[in-house]
Amino acid sequence: MQNKLIPHPDLPIDLPTDERIRAAVAHYGENVVIDNSVALLRAKNAGKDFLIYAGGRHALGILEGAPALYWPELWGARALLHVWGESAAPYIVVGLNNQSWRVREMCAKVVLLRGLQVVPKLVRLTTDEHPRVRSAALHALADQGTADNIATIEVRLRDSDKEVRRAAQQARDAIRSRLKLTEATESTTEPEE
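For the sequence shown, the numbering used here gives the first residue as 2, with consecutive numbering after it.
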């Protein structure tokens with residue numbers, strides 16, 4: 002007896018994520034895809050077909066009984082890189098605290114892409130236990146951080162992970178460039194009274 006799930010032939014299980022999400026939008030409509038992506042991010046059931054749209058071939062394994070772990074939550078967040086509605090923003094922010102580092106990392110990437118202003122949360126993630134989360138937070142800080150964040154970013158220049166150090170340097174340089182700061186102006190700028 003075969004326990005393998007045979008998906009409907011129209012489900013695009015082998016396409017790249019962006020193409021699968023476009024296909025889901027064509028099938029369900031944009032608002033439904035956003036709502037289903039948020040449902041996955043929240044560890045809720047969004048239906049077998051949508052799980053396959055979001056997770057591709059990997060989702061079949063879960064539907065056949067493999068442990069779901071954090072994958073559906075990750076796929077929900079990743080789908081929001083490709084389709085967006087402001088209603089998803091609070092769930093992305095909550096996802097920055099997810100127990101899975103992969104979900105935290107993906108939510109930080111969505112924060113960057115969608116311009117969600119959550120600097121204090123990004124600053125906290127610069128000390129995350131996982132280097133990929135620290136890097137994603139630094140990349141997002143590069144886009145929305147201020148001169149006040151430079152000292153926090155510079156601490157990561159001594160991080161144990163090479164990619165985090167690189168992200169910190171890029172973030173620091175991006176903020177300096179965006180705000181037209183130099184090292185001299187940073188150290189001589191006194192807070193206004």
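We put the CB at the ideal spot given by N, CA and C, even for glycine.
Since the structure is predicted, the reported quantities are computational estimates derived from the model, not experimental observations.
For residue i, the three-state DSSP class (helix, strand or coil)
i    : result
S161 : coil
H83  : coil
S38  : helix
H131 : coil
A175 : helix
V33  : helix
G57  : coil
T18  : helix
S101 : coil
R125 : helix
K49  : helix
A78  : helix
L69  : One detail in the question is off: residue 69 reads as Ala in this sequence, not Leu. It is coil, neither helix nor strand.
Q118 : coil
D144 : helix
A138 : helix
K110 : helix
R167 : helix
A27  : helix
P91  : helix
T153 : helix
E12  : Residue identity differs from the one stated: residue 12 is Leu in this sequence, not Glu. Three-state DSSP puts L12 in coil, outside helix and strand.
Sub-7 Å separation of residue i and residue j beta-carbons
i    : j    : result
A24  : P13  : yes
I151 : R173 : yes
H83  : D19  : yes
A137 : E106 : yes
R103 : Y71  : yes
R21  : G57  : yes
P132 : V165 : yes
L182 : A148 : yes
E74  : L42  : yes
A44  : N37  : no
Anticipated Cβ contact below 8 Å, residue i with residue j, distance rounded
i    : j    : result
V39  : A109 : Not confirmed; about 17 Å, so no contact.
L139 : A169 : 5 Å
V95  : L117 : Between L117 and V95 the Cβ distance is about 12 Å, and since that is not below 8 Å, they are no contact.
L81  : V111 : 5 Å
G77  : N32  : Contact flag wrong, Cβ pair sits at about 15 Å.
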